[in-house]
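Participant:
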Amino acid sequence: PSIGNQAVTLTVTAEGMYRLGKTLKLKDRTRTITWTIDPSHEYLPVKFTLIDVPTAGNPPLKFGNTDYVWRSNVRSHGDLVMTATGLWFPTKVTVATTVERPGQHGKKEVLGWSETTIEDLVLNADMPDELFQFRFPDGTRVEDEVAKNRYVVGPDQ
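Residues in the sequence shown are numbered from 164 upward in steps of one, following my numbering.
Next comes the structure, spelled out in structure tokens:
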């Protein structure tokens, strides 16, 4: 199979999930990207994994002063609920970022972990624009790439 013009590997897991994967050879590393999708729930993505491994002859990837293999996992889990529009949605999403030092296969150090629980979900609701207006705290440095300017937020902005 392919996505766009990119060939991908398709695997059917023991649980009946579809795993789509692609390995990219970048200048200094190999990047493997994997999506796991659930055909029983309208092909809802239930897991995304990104792994970066330095290629031979290139300097190792660094986290601070530590060489590492970088791995990020995003997983939806908990109950799956169907919205009024017929879309499936997870009730929990976890994000885990770990590093693995070269030569220590399987020994991972957790850099970050978060879990989000969705308690109420409304799609396409009418909301006032003011809800989406944000004021940065005084002293925040802003780089506005759209307006092509930079500034520090002050009390009168």
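Backbone N, C-alpha and C define an ideal beta-carbon position, used for all residues, glycine too. Note that the structure is a prediction, hence the values are computed from the model and not measured.
1. Per DSSP, what are the beta-bridge partners of Ile-214 in this structure?
2. Among Lys-271, Ala-259, Leu-286, Ala-288, whose alpha-carbon lies nearest the alpha-carbon of Gly-277?
3. Consult DSSP for Phe-148 and reduce its assignment to one of helix, strand or coil.
4. Suppose the cutoff is 8 Å on Cβ atoms and the five residues either side in sequence are ignored; what does the same chain contact list for Pro-202 look like?
5. Applying the criterion that 16 or more other CB atoms from any shown protein chain within 10 Å of the CB defines a buried residue, is Val-244 buried or exposed?
6. Under the assumption that Thr-218 contacts Arg-192 (Cβ atoms under 8 Å), give the Cβ distance between them as a whole number of angstroms.
7. What does DSSP give as the partner residue(s) for Val-209 in the beta ladder?
8. On the criterion of 16 or more Cβ atoms from any shown chain inside 10 Å, does Val-315 qualify as buried, or is it exposed?
9. Can you have a look at Thr-300 and say buried or exposed, based on whether 16 or more other CB atoms are within 10 angstroms of its CB?
10. Ends of the beta strand (DSSP E) at Glu-306?
11. Rounded to the nearest angstrom, what separates Pro-253 and Glu-205 at their Cα positions?
12. Apart from the five residues on each side of it in sequence, which residues of its chain come closer than 6 Å, Cβ to Cβ, to Lys-271?
13. Out of curiosity, what's the CA-to-CA distance linking Asn-312 and Gln-296?
14. Tell me whether the beta-carbon of Leu-183 lies closer than 8 Å to the beta-carbon of Thr-197.
15. Taking only three categories from DSSP, how would you classify Pro-318?
16. Please report the straight-line C-alpha distance between Leu-250 and Leu-286, rounded to a whole angstrom.
Facilitator: In brief:
1. Here residue 214 corresponds to residue number 51 of the sequence shown, with the count starting at 1. For Ile-214, which the question treats as bridged, DSSP gives the partners Thr-195, Arg-234.
2. Stepping through the sequence shown from its first residue, residue 277 is reached at position 114. The residue asked about is misnamed: residue 277 is Ser in this sequence, not Gly. Of the listed residues, the one whose Cα sits closest to Ser-277 is Ala-259.
3. Absent from the model: residue 148. The displayed extent of the chain is 164 to 320, so no value can be given.
4. Your numbering for residue 202 matches position 39 in the sequence shown. Around Pro-202: Gly-179, Met-180, Tyr-181.
5. Here the question's residue 244 lines up with position 81 in the sequence shown. Label assigned to Val-244: exposed.
6. Counted from its first residue, the sequence shown places residue 218 at position 55. Counted from its first residue, the sequence shown places residue 192 at position 29. Indeed they touch by this definition, with Cβ atoms about 6 Å apart.
7. The residue you call residue 209 lines up with position 46 of the sequence shown. DSSP, once it has assigned bridges, lists no residue as partnering Val-209.
8. Mapped onto the sequence shown, residue 315 falls at position 152. Flag for Val-315 reads exposed.
9. Residue 300 sits at position 137 when you count from the first residue of the sequence shown. With the sequence shown as reference, residue 300 is identified as Pro, and Thr is not the correct amino acid for it. Pro-300 should be labelled exposed.
10. Position 143 of the sequence shown, counting from 1, holds the residue named residue 306. Glu-306 -> beta strand (DSSP E) spans 304-307.
11. Within the sequence shown, numbered from 1, the residue matching residue 253 stands at position 90. Within the sequence shown, numbered from 1, the residue matching residue 205 stands at position 42. Straight-line Cα distance between these residues: approximately 12 Å.
12. Here the question's residue 271 lines up with position 108 in the sequence shown. Thr-261, Glu-263.
13. For this step, residue 312 is matched to residue 149 along the sequence shown. For this step, residue 296 is matched to residue 133 along the sequence shown. Distance between the alpha carbons of Asn-312 and Gln-296 is about 19 Å.
14. Translated into the one-based positions of the sequence shown, residue 183 becomes position 20. Translated into the one-based positions of the sequence shown, residue 197 becomes position 34. In this structure, Thr-197 lies closer than 8 Å to Leu-183 by Cβ.
15. Along the sequence shown, read from residue 1 onward, the residue named residue 318 stands at position 155. Pro-318 falls in the coil class under three-state DSSP.
16. Taking the first residue of the sequence shown as position 1, residue 250 is located at position 87. Taking the first residue of the sequence shown as position 1, residue 286 is located at position 123. The alpha-carbon atoms of Leu-250 and Leu-286 are separated by roughly 10 Å.
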